[in-house]
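S.K.:
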Amino acid sequence: MRLSTIFIISLILLFFASCTKKTEFSANFDNTHDRIWVGKDFWSVPLEDWKVEDGRLHCVGTVPNSRVNLLTRVLSPGAGNFEASVKISLKEKGNVPGSAGLLVGLYDEEDPDVRAACYFGKGVNAGISLQGFAFLNDERANLPEDFDFSEVLISVSGNNNQLKLKVADKNGNSPDELSLNVEGIQGLIAAANNIILGGNEKPGNSLFSFDELKLSGSKVIAQPENAFGTVLWTMHTLSKGTVKMMALLPPVGENDNQQVSLQLNENGNWKTVATEQIEPDSRTAVFKLENWDSTKDTEYRVEYIEKGKDGAEMPDYYEGTIRKDPVDRPLKFGGLTCQYHYGFPYTPLVQNLTKLNPDILYFSGDQIYEGNGGYPIKREPADVSILSYLGKYYMFGWAFGDLMRDVPTICTPDDHDVFHGNLWGEGGIAKPGGAGSSDTRGFMQSAEMVNVVNQTQCAQLPDPYDPTPIEQGMSVWYTDLTYGRVSFAIITDRIFKTGPEAVSDWEGRHDHMKEPREDLSFLDKPGVEMIGERQTKFLNDWVTDWEETDMKVLLSQTVFANVATHHGTYDGYLYGDLDSGAWPKSGRDNVIRLMRKVAAFHVNGDQHVPSLVQYGIDDFQDAGWSFCTPAIAVGYQRWFRPDELGVPATDRPEHGYPNTGKYTDAFGNKNLVYAIGNPGTITSDKESRYNQALLRSSGFGCITFNQTERTILIDAWRFKADVENPNPVRDQFPRWPKQISQFDNLGVGAENVLPEISVNQPNQVMQIWNEKTGDLTQIYRIKGNTVQPKLFESGTFTVIIGENKRREAITGLKTQKGKNPEKVLVEL
Ligand SMILES: [Fe+2]
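The letter at position 745 of the sequence shown is residue 744 when you use my numbering, and the numbering goes up by one with no holes.
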């Protein structure tokens, strides 16, 4: 090709590129249906305090610095000029005069990501105050006497050295032009209501509407990839031949399209396989595809056709992959919990998780905190509380959506997700006396709101084991999922749990036991529940299901042990926490006993201090292992420091790390704390949000289940780890990684030995039944051909080997203490 031809082609390409990446931006909202969600070019904070109505953008809430960020056109750091403008109208004065205008150059020094700028960006304030002045940061000019707030044009122009503010009402009345010297400017612009002006001035509670938002100039660059929506994100699971896929939509309007379609790529063609209505409360659409071919990757896309007021159709696609079921290699499981917003959008952590390329994700709870986004929750009425929740929950999807688009995701709500500091749900009852005390039973929020939380977090899970609603018509989601030959039981350890006031007989908070007590029996009176009858029935069923399964794992929110001695502050000693899964002990023992039958491993979160614990029931280490994963970003802090308290952990593991070893918690549970990821004494960094996350023991867990070797490799990565070139001290918490055998979850110390059983077929399911009691003692898949079971009970047992029709039962097998020389041969 001749050079001139290349030149011409380049010119043409450049022309088209500049057409598709048009930098000039203008929005008048005239073609947008009335709705709360502004559109995919924008992100409003708080979500519920903004709406589009009659072709204008309205602020309807009084949170200071309430804003609508423009996402898809940003100010570049480079040289050039720009002009940003907006038309504002005063709608309600309120009783404290407020302001409105533009935030210009919103940029977060910690993280250049647009999502960070939306919540943490600092920029220049430009606008007018009802107190009678125009402002450009601290520069002020008085407004003319007869200034008309019913229609005001605000325009900021400038470059990297200087900004200018022009203001004019509809009659052309203007204050003096303001100018401000700057040292560079970059980032987002946002329309803002009740701007925080610094000093002692109150931001006010006036309400404005906004229109004709414009941004242009050579400093402006188009970043269409910053758009959020229309499909915000998806979550899906694949289990037992069924795909469940949830698309999460923003609050679109009544007159917007209410249908969402799921399409699959079949040999290069997109084929619609299902169309669903958006569920109006949760704004979700859920697709269920049965008889799924799980042996190959399948590309999917969710289609939403946005329709303008003029009928124009704007199709929007959200694409991802439903991966093949990884049955033939180790399963990499990402364990995550607790997203306190100062760490948002958790970029170092998300990048690390992406590099590790997990096969499945588990978000065990606290996908939101009440303060996330930097503004308060709204508890009522129900529809407002739902939007309040959704705005905060969308931050989770924005941060982790790119991972979840291709990775099956288990997500379960915990207390903060339903606006609780702590939760003892007692089967879904309303909190007697309503919101207020966070140390007693019952839900503060309406069942309507809780059901939206359940739907938006769990609708992609396999169908619930028993969908019968609990009290108040509250939905349930406990279920099981099999993926990569690992079977997960997904339960709640909060929603059925009894409130602490049932047992507390002390002064002060019902959930805080401040002193040791000689007799602990009062803590465990009859009727005090942990996971409840319904979930116990489910688990009893789950333990018997070994189809396509080599290993079993229990997923719940918190650790069944009190592995924290200090709370809140470094010196905040607390003896016993009834919010921990250590209480009630009998309920806790029963679950751990059920787990032990199947050598199940426990993954949980909630605590904000990572721990690796081997549970004990009657004695130390006689049950399975638990991994409480690090919090994504720790807000409330906990430490486990028994060494300082004169009740040191004993029998320290070989590694000799402090605050590890055998430890009996306040409720009498005997736990071996193998590893603990305590934060230090310095836990805040005002300069760096991400460094603060690191200081507070934030991070995530990664667990590799090797179905062939039957091993469990447990990693606990720090928030800013280098997962590609890991240094064990810098990048993982102390004494991680740790590998255990699946069979370590049977516990140690069982002395009643059955005969050695050899089977002619490898990897068979073995059931051991107590002939006297009729109870199932153990059930798991043998590794290889030979096993010699050890039990915690003596007696005569029936052992059944094999699955389905290929089974052999051997009756009358007797245990012997310590050793059993007998051998049994099984032919299948
Ligand atoms: Fe939490």
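Yeah, the Cβ is synthetic: ideal placement off N, Cα and C, and Gly gets one too.
For chain D, find out if any of its Cβ atoms is closer than 8 Å to the Cβ of valine 597; answer yes or no.
M.R.: Here chain D cannot be found, since the structure has a single protein chain.
S.K.: Quick check: serine 65 and valine 85, are their CB atoms within less than 8 Å of each other?
M.R.: No.
S.K.: Secondary structure at aspartate 53, three-state DSSP: helix, strand or coil?
M.R.: If DSSP states are grouped into helix, strand and coil, aspartate 53 belongs with coil.
S.K.: State the CB to CB distance for the pair phenylalanine 600 and glycine 333, rounded to an integer number of angstroms; the pair is presumed to be in contact (CB under 8 Å).
M.R.: Actually they do not touch by this definition, with Cβ atoms about 15 Å apart.
S.K.: According to the Cβ coordinates, are glycine 126 and isoleucine 194 closer than 8 Å?
M.R.: Yes, Cβ-Cβ distance for glycine 126 and isoleucine 194 is below 8 Å.
S.K.: Run the CB neighbour count on glutamate 47, radius 10 Å, all protein chains shown included, and call it buried at 16 or more, exposed below.
M.R.: The residue in question, glutamate 47, is buried, as its Cβ has 16 or more Cβ neighbours within 10 Å.
S.K.: What's the C-alpha gap between isoleucine 809 and proline 788?
M.R.: Those two C-alpha atoms are separated by around 14 Å.
S.K.: Span of the alpha helix (DSSP H) holding tryptophan 833?
M.R.: Residue 833 cannot be examined here, being either before or after the span of the chain that is shown, 0 to 827.
S.K.: Rounded to a whole number of angstroms, what is the C-alpha to C-alpha distance between tryptophan 232 and leucine 389?
M.R.: Rounded to whole angstroms, tryptophan 232 to leucine 389 spans 13 Å at the Cα level.
S.K.: Per DSSP, what are the beta-bridge partners of aspartate 168 in this structure?
M.R.: Aspartate 168 is bridged to Val151.
S.K.: For valine 230, does the three-state DSSP call read helix, strand or coil?
M.R.: Coil at valine 230, not helix or strand.
S.K.: Who are the near neighbours of aspartate 621 in its chain, counting only those whose CB is closer than 6 Å to its CB and skipping five residues on each side?
M.R.: Counting only Cβ-Cβ distances below 6 Å, and skipping sequence neighbours, we find Gly615, Gly746 and Gly748.
S.K.: Quick one, which of Gln444, Thr408, Val37 and Val449 has its alpha-carbon nearest aspartate 479's?
M.R.: It is Thr408 whose Cα lies nearest to the Cα of aspartate 479.
S.K.: In chain order, what residues have a CB nearer than 5 Å to some heavy atom of ligand 1?
M.R.: In chain order, the qualifying residues are Cys337 and Asp365.
S.K.: Can you list, in chain order, the residues of its chain with a C-beta nearer than 6 Å to that of glycine 571? Leave out the 5 residues immediately preceding and following it.
M.R.: Within the same chain, glycine 571 has close Cβ partners His565.
S.K.: Quick one: residues in its chain with C-beta nearer than 7 Å to the C-beta of aspartate 684, no 5 flanking neighbours on either side, listed in chain order?
M.R.: Asn690, Gln691 and Leu694.
S.K.: What's the gap between the Cα of leucine 13 and the Cα of lysine 287?
M.R.: Note that leucine 13 has pLDDT 46, beneath the 50 cutoff, so the model's placement of it is unreliable and no number is given.
S.K.: Counting C-beta neighbours from all protein chains within 10 Å, is the total for glutamate 514 16 or more, i.e. buried, or is it exposed?
M.R.: When all chains shown are included, glutamate 514 counts as exposed.
S.K.: For valine 878, does the count of other Cβ atoms within 10 angstroms reach 16, so buried, or fall short, so exposed?
M.R.: No information on residue 878 is available, as it lies outside the stretch 0 to 827 that the chain covers here.
S.K.: Please state if the CB of asparagine 819 and the CB of leucine 753 are separated by a distance shorter than 8 Å.
M.R.: In this structure, asparagine 819 lies closer than 8 Å to leucine 753 by Cβ.
S.K.: Assign aspartate 479 to one of three DSSP states: helix, strand, or coil.
M.R.: Strand at aspartate 479.
S.K.: State the Cα-Cα distance for the pair methionine 829 and methionine 234, rounded to the nearest angstrom.
M.R.: What the structure shows of the chain is the stretch from 0 to 827, and residue 829 is not part of that stretch, so it cannot be assessed.
S.K.: Could you spell out the range, first to last residue, of the alpha helix (DSSP H) harbouring glutamate 532?
M.R.: Note, glutamate 532: alpha helix (DSSP H), 531-541.
S.K.: Can arginine 378 be considered in contact with ligand 3, in the sense that its beta carbon sits closer than 7 Å to one or more heavy atoms?
M.R.: The model depicted lacks ligand 3 and carries ligand 1 instead.
S.K.: For glutamate 807, collect the residues of the same chain with a Cβ closer than 8 Å to its Cβ; drop the 5 residues on either side in sequence, then sort them by chain order.
M.R.: Once the five neighbours on either side are set aside, the close Cβ partners of glutamate 807 are Ile799, Ile800, Gly801, Val825, Glu826 and Leu827.
S.K.: Report yes if the CB atom of tryptophan 716 is closer than 8 Å to the CB atom of asparagine 351, and no otherwise.
M.R.: A contact, by the Cβ cut-off of 8 Å.
S.K.: Apart from the five residues on each side of it in sequence, which residues of its chain come closer than 8 Å, Cβ to Cβ, to asparagine 762?
M.R.: The answer, listed in chain order, is Asp549, Arg780, Ile781, Lys782 and Gly783.
S.K.: Kindly identify the DSSP beta-bridge partner or partners of isoleucine 428.
M.R.: In the DSSP output, where bridge partners are listed per residue, isoleucine 428 has none listed.
S.K.: May I ask you to list the residues that DSSP assigns as paired with arginine 66?
M.R.: According to DSSP, arginine 66 bridges with Val44 and Ala191.
S.K.: When DSSP builds the beta bridges, which residues end up paired with alanine 715?
M.R.: Answer by DSSP bridge pairing, in chain order: Gly700.
S.K.: Spell out the partners DSSP gives glutamine 302 in its beta bridges.
M.R.: Note on identity: in this sequence residue 302 is glutamate, with glutamine being the wrong assignment. Answer is Ser260 and Tyr316, bridged to glutamate 302.
S.K.: Label valine 646 either buried or exposed according to how many other C-beta atoms from any shown protein chain fall within 10 Å of its C-beta, with 16 as the threshold for buried.
M.R.: The residue in question, valine 646, is exposed, as its Cβ has fewer than 16 Cβ neighbours within 10 Å.
S.K.: Return the bridge partner residues of alanine 133 from the DSSP annotation.
M.R.: Bridge partners of alanine 133: Ile127 and Ala140.
S.K.: Which one of Asn172, Val151 and Ala133 has the shortest CA to CA distance from aspartate 145?
M.R.: Of the listed residues, the one whose Cα sits closest to aspartate 145 is Asn172.
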